[in-house]
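Numbering (the numbering used here), first residue to last: 335 to 394. Structure first, commentary second.
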Amino acid sequence: MNGHKTLLTVREARDLLGPDLFGRDLVYKIARKHGIRAGRRLLIPLRVVQEIKEGHIKEL
335 MNGHKTLLTV REARDLLGPD LFGRDLVYKI ARKHGIRAGR RLLIPLRVVQ EIKEGHIKEL
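Take a look at the structure:
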């Protein structure tokens with residue numbers, strides 16, 4: 335394993351996106367639409383977070 339995370343929790347994704355710009359509810363919405371459910375957990379692929387930051391995903 336290379337030590338890099340490819341799946342992020344909602345909290346980790348929000349920290350990367352900027353908590354001032356992305357509220358908890360919005361990040362959960364992103365997780366429900368673009369994420370992966372593992373049991374009760376919602377995980378967001380790092381690729382999705384990067385695409386949002388780069389402006390490739392506009393419709394959240």
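Think of the CB as a built atom: it goes at the ideal place given N, C-alpha and C, for glycine as much as any other residue.
| request: From the DSSP output, in three-state form, read off ARG374 for me. | output: Locating residue 374 in the sequence shown gives position 40, where the first residue counts as 1. Correct three-state label for ARG374: coil.
| field | Proximity winner among LEU377, LYS367, GLY337, relative to ILE391 (alpha-carbon distances) | value | By one-based count along the sequence shown, residue 391 stands at place 57. Nearest option by C-alpha distance: LYS367.
| task | Could you check which residue in HIS338, ASP354, ILE364, GLY337 has the C-alpha nearest to that of LEU377? | result | Walking along the sequence shown from the start, residue 377 turns up at place 43. Considering only alpha carbons, the answer is ILE364.
| LYS339 and LEU380 closer than 8 Å at C-beta | Translated into positions along the sequence shown, residue 339 becomes position 5. Translated into positions along the sequence shown, residue 380 becomes position 46. In this structure, the beta-carbon distance from LYS339 to LEU380 falls below 8 Å.
| query | So, helix, strand or coil for LEU275, using DSSP? | reply | What the structure shows of the chain is the stretch from 335 to 394, and residue 275 is not part of that stretch, so it cannot be assessed.
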